[in-house]
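Per the working numbering, residue 22 is the first one in the sequence shown, and the count goes up by one each step. By construction, the Cβ of each residue, glycine as well, lies at the ideal position given by its N, Cα and C atoms. One structure below.
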Amino acid sequence: MNTIESLLIDSFNIASSELSKAKEYQKKYGGKVEQILVNMGALPDDQVIHLQSKYLELPILDIEQFLDSELVDCSQVEINLWHANRCVVLLSSEKELTVACVEPLNSDFNHWVFSTGKTVNCYLASDYDVKQLLARYNRDEISDTHANLTGDEEEKLRELASEAPTVNLLNSLISKALRQGASDMHLEPFDSFYRVRYRIDGVLHEVEKLPKSMQMPLTTRLKILSGMDIAEKRRPQDGKIELKISNQEVDIRVSALPLNDGESIVMRFLRKDNVKYELSVLGLSADIEQQIRQDIKTTAGVVLLTGPTGSGKTTTLYTFLNALNNNDVKIITLEDPVEYQLSGVNQVQVQSDIGFDFAAGLRSIVRQDPDVIMLGEIRDKETAQIALQSALTGHLVFSTVHTNDAASAYTRLLDLGVEEFLLNAALVSIVAQRLARKICSNCSEPVENQPELIQQYGLDEFCQKFEIEQLNLRHGKGCEKCSHTGYKGRMAVTEYLACDNEIKALPKDANFIGLAKAHNASLQRRTLIEDGLFKAVQGLTTLEEVMRVAG
Numbered sequence: 022m023n024t025i026e027s028l029l030i031d032s033f034n035i036a037s038s039e040l041s042k043a044k045e046y047q048k049k050y051g052g053k054v055e056q057i058l059v060n061m062g063a064l065p066d067d068q069v070i071h072l073q074s075k076y077l078e079l080p081i082l083d084i085e086q087f088l089d090s091e092l093v094d095c096s097q098v099e100i101n102l103w104h105a106n107r108c109v110v111l112l113s114s115e116k117e118l119t120v121a122c123v124e125p126l127n128s129d130f131n132h133w134v135f136s137t138g139k140t141v142n143c144y145l146a147s148d149y150d151v152k153q154l155l156a157r158y159n160r161d162e163i164s165d166t167h168a169n170l171t172g173d174e175e176e177k178l179r180e181l182a183s184e185a186p187t188v189n190l191l192n193s194l195i196s197k198a199l200r201q202g203a204s205d206m207h208l209e210p211f212d213s214f215y216r217v218r219y220r221i222d223g224v225l226h227e228v229e230k231l232p233k234s235m236q237m238p239l240t241t242r243l244k245i246l247s248g249m250d251i252a253e254k255r256r257p258q259d260g261k262i263e264l265k266i267s268n269q270e271v272d273i274r275v276s277a278l279p280l281n282d283g284e285s286i287v288m289r290f291l292r293k294d295n296v297k298y299e300l301s302v303l304g305l306s307a308d309i310e311q312q313i314r315q316d317i318k319t320t321a322g323v324v325l326l327t328g329p330t331g332s333g334k335t336t337t338l339y340t341f342l343n344a345l346n347n348n349d350v351k352i353i354t355l356e357d358p359v360e361y362q363l364s365g366v367n368q369v370q371v372q373s374d375i376g377f378d379f380a381a382g383l384r385s386i387v388r389q390d391p392d393v394i395m396l397g398e399i400r401d402k403e404t405a406q407i408a409l410q411s412a413l414t415g416h417l418v419f420s421t422v423h424t425n426d427a428a429s430a431y432t433r434l435l436d437l438g439v440e441e442f443l444l445n446a447a448l449v450s451i452v453a454q455r456l457a458r459k460i461c462s463n464c465s466e467p468v469e470n471q472p473e474l475i476q477q478y479g480l481d482e483f484c485q486k487f488e489i490e491q492l493n494l495r496h497g498k499g500c501e502k503c504s505h506t507g508y509k510g511r512m513a514v515t516e517y518l519a520c521d522n523e524i525k526a527l528p529k530d531a532n533f534i535g536l537a538k539a540h541n542a543s544l545q546r547r548t549l550i551e552d553g554l555f556k557a558v559q560g561l562t563t564l565e566e567v568m569r570v571a572g
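Dropping the structure here:
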């Protein structure tokens with residue numbers, strides 16, 4: 022049999038130096054080597070069960086097979102024994118027992134099991150899997166206890182949140198989310214379960230259905246960590262957590278929203294170490310990237326990004342700033358909230374509750390003598406006018422507006438009350454953006470029905486129009502690296518509109534959007550959907566994904 026140490030090095034890629042540190046710590050203070058490595062950040066906590074499985078040669082429990090199985094006929098004494106030893110009997114017949122254990126070598130449980138004289142089939146299980154199975158035996162009792170908790174029982178609520186199963190479950194969920202590259206984690210209450218979903222590459226995936234009994238402990242744990250009021254369940258709350266987990270430093274924005282069945286919690290992960298603010302990383306088409314590089318080198322004017330929430334506008338703005346960030350340039354940003362810290366950039370947080378909104382902040386920023394200004398969003402007439410006037414007085418301004426395409430940014434600003442002459446004088450360019458998932462490079466393969474797709478989407482004419490010589494439609498087969506989705510990572514799909522003399526000369530009336538699009542088409546510039554198709558025929562994304570984000 023392999024030793025724990027050899028498995029850690031050979032199968033889990035633990036460095037010998039890390040293992041030596043862990044063993045030195047174990048020698049002084051005791052404890053298990055694998056748990057010490059977890060605390061050191063060298064071993065993800067959800068990998069411990071896989072280590073034990075290899076070491077003990079026991080299968081890992083697939084809880085879905087047993088959640089709906091009949092309950093084993095047992096006494097309250099036996100249930101108490103299971104709770105105390107983190108074990109549960111899954112199936113019982115005249116000659117066999119099927120059990121799930123967190124620690125299969127537990128002496129008390131083993132003594133009871135073998136006293137039955139039955140053949141034992143054992144599964145390794147996590148703490149929260151066992152708790153989920155045990156909750157079926159006393160779900161009513163637990164649910165009632167949680168439902169009756171009031172402000173007077175706040176201390177009891179805190180104790181529930183600090184129990185090992187709750188702490189381990191939350192750490193495991195966060196660790197798994199980070200490893201899969203999730204941007205958000207959603208915890209949503211329903212009548213009979215607590216759903217966990219990750220947003221990966223812009224799409225939500227269900228990963229767990231936890232027992233209802235875990236709702237209150239998890240919610241309370243997150244509220245404590247993020248500095249919220251644990252007794253307040255009627256109003257929305259926001260908080261922030263800074264932690265190091267699985268050897269990664271991560272800031273987590275936490276939002277709690279009261280629902281009919283409890284509180285919905287959304288956690289947004291901000292991983293500054295993993296973000297690269299480089300134009301080449303955005304996935305822009307070469308011709309659009311070249312145009313944007315020229316625009317952001319101008320000394321004055323406004324460059325706008327448009328698109329819905331979650332379309333990557335802030336990341337693109339940070340990328341523009343990073344391209345200009347040097348000792349000769351003073352950059353100030355005004356954001357709500359400040360999501361990532363940029364070295365060398367002066368970042369200001371909007372505080373609307375004290376009257377320090379975008380307009381007030383912008384007036385103050387201009388007096389700081391900046392060369393470049395970044396506004397998180399233009400929301401009202403006053404902010405828009407100050408931003409555009411700042412551009413006329415020698416500042417380069419980056420900002421965003423919420424519109425579906427580039428030309429609509431003009432009409433949006435006009436609707437806010439901005440004068441047409443100010444738009445014509447200040448705007449340099451407008452970029453509409455969406456994020457499309459990239460095909461996983463590890464399992465990418467040609468599509469089987471390429472002729473049908475070519476005909477369905479008119480790709481022959483498309484390739485002829487944009488002088489594309491080779492058509493290469495691909496898709497992801499699905500593998501472990503992409504969690505069997507066929508996609509890994511995202512890239513920008515964009516529409517570029519230069520605010521040139523022709524655009525400035527067009528009357529900004531009801532016909533403007535159509536005329537602006539026609540002007541762009543005459544210059545061989547692509548619409549959003551055309552830029553998506555341009556990337557699809559190169560085998561970078563799929564036609565289905567293009568239609569999802571830009572169709």
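For residue i, is the classification buried or exposed, using 16 other Cβ atoms within 10 angstroms of its Cβ as the cut-off for buried?
i    : result
L278 : exposed
R581 : No answer is possible for residue 581: the residues shown for the chain start at 22 and end at 572.
I375 : exposed
D349 : exposed
L40  : buried
H496 : buried
L92  : exposed
Q389 : exposed
R242 : buried
D161 : For D161, the predicted structure reports a pLDDT of 40, less than 50, and the residue's modelled location is therefore unreliable. The matter cannot be settled from this model.
P65  : buried
E176 : exposed
K48  : exposed
R384 : exposed
V98  : exposed
From the DSSP output, in three-state form, read off residue i for me.
i    : result
V302 : helix
G322 : strand
V17  : Within the shown structure, residues of the chain are numbered from 22 to 572, placing residue 17 beyond reach of any answer.
R388 : coil
S41  : helix
G438 : coil
V514 : strand
V366 : coil
M249 : coil
G376 : coil
L77  : helix
N131 : helix
A427 : coil
N142 : strand
K498 : coil
C484 : helix
R107 : coil
R255 : coil
R4   : With the chain covering only 22 through 572, there is no way to say anything about residue 4.
D165 : In this predicted model, D165 has a pLDDT of only 38, less than 50, meaning its place in the structure is not dependable; the value taken from the coordinates is given anyway. Helix.
Y508 : strand
Determine, for residue i, whether the minimum Cβ-Cβ distance to residues of chain C falls below 8 Å.
i    : result
G415 : The structure shown contains no chain C; it holds only a single protein chain.
Name the DSSP bridge partner or partners of residue i?
i    : result
K265 : E270
K230 : R216
P279 : E284
H207 : R218, V287
L58  : Bridge partners of L58: none, in fact.
T119 : L112, N142
L575 : With the chain running from 22 to 572 in the structure shown, residue 575 is simply not present.
Q236 : DSSP lists no partner for Q236.
P467 : R495
Q454 : T515
S420 : L325
Taking residue i and residue j to be in contact with their CB atoms under 8 Å, please state how far apart those CB atoms are, rounded to whole angstroms.
i    : j    : result
L154 : T137 : Not a contact, Cβ separation roughly 19 Å.
P210 : G260 : That pair is no contact at about 18 Å.
S465 : D316 : S465 to D316, Cβ: 33 Å. No contact.
D552 : S306 : 6 Å
K75  : N34  : With a Cβ gap of about 14 Å, K75 and N34 do not count as contacting.
D222 : Y508 : 6 Å
T404 : F379 : 4 Å
V217 : L199 : In fact, because the Cβ distance is near 14 Å, the residues do not count as touching under 8 Å.
E55  : I25  : 7 Å
Touch check for the segment 126-137 and the segment 193-204: three-plus C-beta pairs under 8 Å? Touching, no.
Quick check: the segment 392-410 against the segment 342-360, are there 3 or more CB pairs under 8 Å? Inter-segment contact for the segment 392-410 and the segment 342-360 is present: three or more beta-carbon pairs are separated by less than 8 Å.
When the Cβ atoms of the segment 475-487 are set against those of the segment 430-440, are three or more pairs found closer than 8 Å? With the rule of 3 Cβ pairs closer than 8 Å, the segment 475-487 does not count as touching the segment 430-440.
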